[in-house]
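Just below is one structure, and these are the notes that go with it.
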């Protein structure tokens, strides 16, 4: 975890998020970043593009399919739990979610390199002022 001052709700949600497989982590992250529930000053469009490219590498069929979250019970549950968070908790969860992806080993050198070079989690964290 990057932040020390997370609430119990955020920690519980992160524990569930940690148990997802790599494709579902990326899929959920894209979904949540597209509708954070708040407007960050940091431009997250580059994060979304990066994660969509990562998803295409992990699951080439994803570009041909509309994601139906009803098929993904864990993703639907986490998304619903995310909506219950306060504004501050949403900010912290988004930072932790991206940090989780930043640290995760996708077992693919191309993906790991792209994420390490382009996913500026620390800048995003500072822009939200959640430290």
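Residue numbers (the numbering used here): 560 to 690. C-beta: ideal position from N, C-alpha, C; glycine also.
* In its own chain, which residues sit with a C-beta less than 8 Å from the C-beta of residue 612, not counting the 5 before and 5 after it? -> As a first step, residue 612 must be located in the chain shown, where it is residue number 53. Once the five neighbours on either side are set aside, the close Cβ partners of residue 612 are 673.
* Determine the closest residue to residue 669 out of 591, 678 and 616, with distance taken between C-alpha atoms. => As a working note, residue 669 is residue 110 in the chain shown. Checked all of 591, 678 and 616; the closest Cα to residue 669 is 616.
* **residue 689: first and last residue of the uninterrupted alpha helix (DSSP H) it sits in** => The count along the chain shown starts at 1 and reaches residue 689 at position 130. Note, residue 689: premise wrong, no alpha helix (DSSP H); not H, not E.
* Asked: Whose C-alpha, out of 596, 586, 604 and 602, is nearest the C-alpha of residue 632?
  -> Looking up residue 632 in the chain shown gives position 73. Comparing Cα-Cα distances from residue 632 to each of 596, 586, 604 and 602, the minimum goes to 586.
* **Inter-residue spacing [alpha-carbon to alpha-carbon] between residue 618 and residue 597** => For the purposes of this step, residue 618 is taken as the residue at position 59 of the chain shown. For the purposes of this step, residue 597 is taken as the residue at position 38 of the chain shown. Using only the alpha carbons, I get a separation of about 29 Å.
* To do: Can you give me the Cβ contacts of residue 600 inside the same chain, cut-off strictly under 7 Å, excluding the 5 residues immediately before and after it?
  => Counting from one through the chain shown, the residue named residue 600 turns up at place 41. Once the five neighbours on either side are set aside, the close Cβ partners of residue 600 are 686.
* Asked: With 8 Å set as the bound, which would you pick, yes or no: does the beta-carbon of residue 596 sit closer than that to a beta-carbon of chain B?
  -> Chain labels in this structure do not include chain B; a single protein chain is all it has.
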